[in-house]
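Since the structure comes first, as structure tokens, the remarks are kept for the end.
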Amino acid sequence: ITANNPECHLMVVLVDERPEEVTDMQRSVKGEVIASTFDRPADDHTTVAELAIERAKRLVEMGHDVVVLLDSITRLGRAYNIAAPASGRILSGGVDSAALYPPKKFFGAARNIEDGGSLTILATALVETGSKMDEVIFEEFKGTGNMELKLDRKLADKRIFPAVDVDASGTRKEEILMGTEELNIVWKLRRVLHALDSQQAIELLLEKMKGTKSNVEFLMQVQKTTVGPDEGK
């Protein structure tokens, strides 16, 4: 973000994070790092998140383009589940229904202001942890974002990076972001990748990308060389 869009104000919000991760982020990120480590009480986690999002809103009101990276919306939900007053309405996994509203308010603050700034929020969510609470929190936010990038633990275990599940990742309303010709090529590529398992898909994608210098060149190569399941017969 800082390399491609240096005009953006970057804020990294770390909730219930390991101290060494916080230190690493502070030293490596060219932007604000606002954190509450896992040894702090849940009230500290929620307070840090609320102060961070309010600061982001004020910067947007001043005309800045702000990007907030939150790690993670799951741990923020857990913190509110502990800190928020009990409503008496308990969902599966022991999640208080009232505890899900503040994280949704945080995530829903993302805006593109006409004749003003913008606020983009990228938040991580923990999945497949074996915790029913994490599953409930994830399902509450699933489908609310405009983009979803799913990581594959099996790929990471094999040290294949970036460990992205290509088939499960995508952008909502991608037809607005691309022209008709470009969109058709992307859809063609998706159909081919869908026929492969996750490891074959990411390896094929990385191989094609490493052999090109730009997105245009990459898509042109895809158009020329990729054969769909029903093509070439």
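The numbering of the sequence shown is the numbering used here, which starts it at 136 and goes up by one. Cβ coordinates follow ideal geometry from the N, Cα and C atoms, glycine included. Note that the structure is a prediction, hence the values are computed from the model and not measured.
At a Cβ-Cβ threshold of 8 Å, G198 and G251 count as neighbours.
Here the alpha carbon of A191 sits roughly 20 Å from the alpha carbon of V157. DSSP, read as helix, strand or coil, puts M146 in strand. M282 has T306 as its beta-bridge partners, per DSSP.
Contact fails between the region 236 to 250 and the region 282 to 293, because fewer than three Cβ pairs, one in each stretch, are under 8 Å apart.
Between L261 and V301, the CB-CB gap reaches or exceeds 8 Å. Distance from the CA atom of K348 to the CA atom of H144, rounded to whole angstroms, is 28 Å. T209 and L149 have their C-alpha atoms some 11 Å from each other. Look at the beta carbons and you see the region 288 to 297 touching the region 326 to 341: at least three pairs across the two are nearer than 8 Å.
Residue environment analysis places A221 among the exposed positions, since fewer than 16 neighbouring C-beta atoms fall within 10 angstroms of its C-beta.
Excluding five sequence positions before and after V357, the CB atoms of its chain that fall closer than 8 Å to its own CB belong to I320, K323, L324, K343, given in chain order. Boundaries of the beta strand (DSSP E) around V203: 200 to 206.
If the five residues before and after A234 are omitted, its C-beta is found closer than 6 Å to the C-beta atoms of Y215, N216, A219, all from its own chain and listed in chain order. Apart from sequence neighbours up to five positions away, the residues of its chain that approach P237 with a beta-carbon distance below 6 Å are Y215, ordered along the chain.
For the 8 Å CB-CB criterion, V147 and L204 form a contact.
One Cα belongs to A330, the other to E275, and the distance between them is close to 30 Å. A distance below 8 Å separates the beta carbons of L211 and A184. Residues V195, D200, V201, R246, N247 of the same chain have their beta carbon placed closer than 8 Å to that of S253, with the five preceding and five following residues left out of the count. Around the beta carbon of V271, a 10 Å sphere encloses 16 or more other beta carbons of the protein chains shown; the residue is thus reported as buried. In this structure, DSSP gives D300 a state outside helix and strand, which the three-state scheme calls coil. Counting the other CB atoms within 10 Å of its CB gives S207 a total of 16 or more, which places it among the buried residues. Within the model, the alpha-carbon separation for P154 versus T137 is close to 24 Å. Inter-residue distance for E309 and N139 is about 20 Å (C-alpha atoms, whole angstroms).
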